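Step one of this worksheet: look at the structure below.
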Amino acid sequence: MWFNRNGHHEEPALVLSGGGAMGALQAGILRVLTRRGFRPSRIVGTSVGALNAAFLAFHPGETGGEMLVNVWRSLQDEHYLRINPVRVALRIASRKLYLVNNDFLQKLIAEHIVIDDFSSTEVPLYIAATNLATGRKHVFNEGSVSQAVLASSAIPGIFSPVEIEGDFYVDGGVTANLDLETAVEAGAKQILAIDLSHCFEVPDPSNVMDVVTRTVEIVLRERVEQDVRRLGEKTEIALLQPRIESGPGVGDLSQASSLLEQGEAYAERIFDKCFDGKGRLQPGTFAEDLSIPAVDAVSD
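For the sequence shown, my numbering begins at 870 and goes up steadily by one.
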């Protein structure tokens, strides 16, 4: 049972950021949280955080945590995001709006979500995406969960924009990678947030992609810091912030198992700092540097 600082029973909202393959790290953290009895009052997710959020919203207890771990292990085993250079070249030549087909993601969701509707979740679910026409955040909390997850995860240039009711949407990380605001607007007085924006640190950029990654990381981190300062005046926020230097790329799932293990170990170490002996959430930032061992590349 969870309490706020005034002694009133209150389950914190859970906010999950985007972070590509680092979603496995997030899943490892969630496995420990659910195993230790944490059950959120509502869940907000963006990009890969939307995928994790959707599964957990339908199965918010320990079962959901175990399911997430199995999902990420299967992603590593099947190498779903492995990019075929020939297919990429053909799509560029044919002027396609995407490089990677998202069919694998639709199949994955269909395998684990039986009733594809927000009204069927065990806890309220909110998924952030970006409206391509307006450039503004759009929060889905009704209709098809799978379509909302696909929209929130549609990384510009990688996956095709997703059309929903006549509008096209791309990755929610463009406008709200850690959507604390939606949790506050939904009535949350306490928030437990898992922020993956520090998991792509490139201290010494040596090529174009390193520069792009470093730039995106700076933008995301600054936005999170601003939101925590602004919303922290209204809401108690515990910010879980694992940090990894030179970790795997956004679509590199080869280290999913290692990331799961690191996420679990990190969560075990910080759990009793986030919650006191009476289950009260402790506001603050819980940052820790993690190390992901290198693995040999997997060939096609």
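A virtual CB, placed ideally from N, CA and C, is assigned to each residue, including glycine.
Quantities reported herein were computed from a predicted structural model and do not represent experimental measurements.
{"Item": "Going residue by residue through the stretch 1074-1151, where are the continuous beta strand (DSSP E) segments of at least 3 residues, counting only ones entirely within it?", "Value": "1105-1113"}
{"Item": "Mind the definition here: the stretch 906-923 touches the stretch 883-890 only if three or more C-beta pairs lie below 8 Å; say whether that holds.", "Value": "yes"}
{"Item": "Consult DSSP for G897 and reduce its assignment to one of helix, strand or coil.", "Value": "helix"}
{"Item": "DSSP state of N1000, grouped into three classes?", "Value": "strand"}
{"Item": "For V884, collect the residues of the same chain with a Cβ closer than 7 Å to its Cβ; drop the 5 residues on either side in sequence, then sort them by chain order.", "Value": "V913, L1047, D1048, L1049, A1052, I1060 and A1062"}
{"Item": "Do you know how far the Cα of A998 is from the Cα of L944?", "Value": "23 Å"}
{"Item": "Return yes when the Cβ of T903 is within less than 7 Å of the Cβ of E879, no when it is not.", "Value": "no"}
{"Item": "What are the partner residues of L994, as DSSP defines its beta bridges?", "Value": "I912"}
{"Item": "I'd like the span of the alpha helix (DSSP H) that includes E1050, first residue to last.", "Value": "L1049 to E1054"}
{"Item": "Please work out which residues of its chain come closer than 7 Å, Cβ to Cβ, to N921, disregarding the five sequence neighbours upstream and downstream, and give them in chain order.", "Value": "L885, G892, Q895, A896, L899, G914 and L937"}
{"Item": "What do you get for K976, buried or exposed, if any count of 16 or more other CB atoms within 10 angstroms of its CB means buried?", "Value": "exposed"}
{"Item": "May I ask you to report which of helix, strand or coil DSSP gives A1017?", "Value": "helix"}
{"Item": "Could you spell out where the alpha helix (DSSP H) holding V917 opens and where it closes?", "Value": "V917 to F927"}
{"Item": "So, for T1154: in the same chain, excluding its five sequence neighbours on each side, which residues have a beta-carbon less than 7 Å away from its beta-carbon?", "Value": "L1108 and Q1110"}
{"Item": "Identify the residues that DSSP records as bridge partners of D1158: which are they?", "Value": "R1112"}
{"Item": "Could you compute how far the alpha carbon of S1160 sits from the alpha carbon of G1035?", "Value": "44 Å"}
{"Item": "Suppose the cutoff is 6 Å on Cβ atoms and the five residues either side in sequence are ignored; what does the same chain contact list for R956 look like?", "Value": "Residue placement at R956 is flagged as unreliable, the pLDDT there being 42, under the threshold of 50; the coordinate-derived value follows with that caveat. None."}
{"Item": "Under three-state DSSP, which class holds V938?", "Value": "helix"}
{"Item": "Looking only at its own chain, which residues have a Cβ that is under 6 Å from the Cβ of F1037, when we skip the five neighbours before and after it?", "Value": "L1001 and P1030"}
{"Item": "Please state whether the Cβ-Cβ distance between A1017 and F1009 is less than 7 Å.", "Value": "yes"}
{"Item": "Closest by CA to G906, which one among F924, G934 and Q1131?", "Value": "G934"}
{"Item": "I think N971 touches L1019, with their Cβ atoms under 8 Å apart; what is that distance to the nearest whole Å?", "Value": "6 Å"}
{"Item": "Along the chain, where does the alpha helix (DSSP H) containing H1067 start, and where does it finish?", "Value": "Element bounds for H1067: n/a, residue is neither H nor E."}
{"Item": "With DSSP collapsed to three states, give me the class of I1027.", "Value": "coil"}
{"Item": "Which of the three DSSP states is assigned to D1036 in this structure?", "Value": "strand"}
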